[in-house]
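Residue numbers (my numbering): 335 to 580. Virtual Cβ for every residue (Gly too), placed ideally from N, Cα, C. Just so you know, these numbers come straight off a predicted model, no measurement behind them. Encoded as structure tokens, the structure appears first; notes follow it.
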């Protein structure tokens, strides 16, 4: 078998802005993968906290990196997607990390299931005290309720070519909107029973604003009715307001 087919180039994208506390662990989890044919792209949004020192430290392991102000996380992701040369692409945020054999496992499943467009797996949440928490993994049918575990997703470049990039009008749920577009295009998903990625939990305000955007996206894609949208919109708005005054 042709080596290029047997071991396809995998592009891993990390977007960071002032993530010095966790960035090194993220980078090391990529460059120390048991699978070697990796193109690593790091997009920095103009960090001022020492993140650039961390990136520079691993410069020889990074195919391409740049530091400049941008218009947000999805703008930065799109910038990286335009540079990506791999036939399979994954996005790993600067506070998350892979298991050491994550990519090797994913490629083995792609070799057995070449018709699949998106392979995703199990995600381990890390609590604010840095202790392992819940492990989850959802089938694509869960998209009617919410987002699947995006940090575990490895997506064929051909699907990005078909569906397009992220919609930058959203601040925190554009990945969910993209997944709904992918499903609407009849993309084939495969959930594998493997722990792939570790995910640090964020703040409740971020999650609530994300939920508000998800709600709007569900309405636009016909996942929920206008009545349910109004009900949950009021509920989430009240929660956000309550958080602000506590």
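Tell me the rounded alpha-carbon separation between residue i and residue j.
i	j	result
residue 462	residue 469	15 Å
residue 533	residue 410	20 Å
residue 346	residue 512	18 Å
residue 349	residue 426	8 Å
residue 548	residue 433	28 Å
residue 340	residue 366	20 Å
residue 526	residue 454	6 Å
residue 482	residue 471	7 Å
residue 464	residue 506	23 Å
residue 362	residue 522	31 Å
residue 492	residue 516	11 Å
residue 571	residue 545	10 Å
Give every residue of the same chain whose Cβ lies closer than 6 Å to the Cβ of residue i, excluding the five residues on either side of it in the sequence, and list them in chain order.
i	result
residue 489	423, 452
residue 447	524
residue 404	379, 410
residue 499	412, 415
Are the beta-carbon atoms belonging to residue i and residue j less than 7 Å from one another?
i	j	result
residue 558	residue 510	no
residue 449	residue 368	no
residue 374	residue 407	no
residue 486	residue 457	yes
residue 344	residue 420	yes
residue 354	residue 384	yes
residue 476	residue 467	no
Closer than 7 Å by C-beta to residue i: which residues in its own chain qualify, once you throw out the five before and the five after it? Chain order, please.
i	result
residue 401	378, 380, 381, 386
Please report the Cβ distance between residue i and residue j, rounded to the nearest whole angstrom; I am assuming they are in contact, meaning their Cβ atoms lie under 8 Å.
i	j	result
residue 436	residue 531	7 Å
residue 502	residue 412	7 Å
Whose C-beta lies closer than 8 Å to the C-beta of residue i among residues of the same chain, with five residues either side of it excluded?
i	result
residue 444	342, 422, 450, 453, 488
Any chance you could list the beta strand (DSSP E) runs of at least 3 consecutive residues sitting entirely within the segment 400-480, in chain order?
The qualifying runs are 422-425, 452-460, 466-470.
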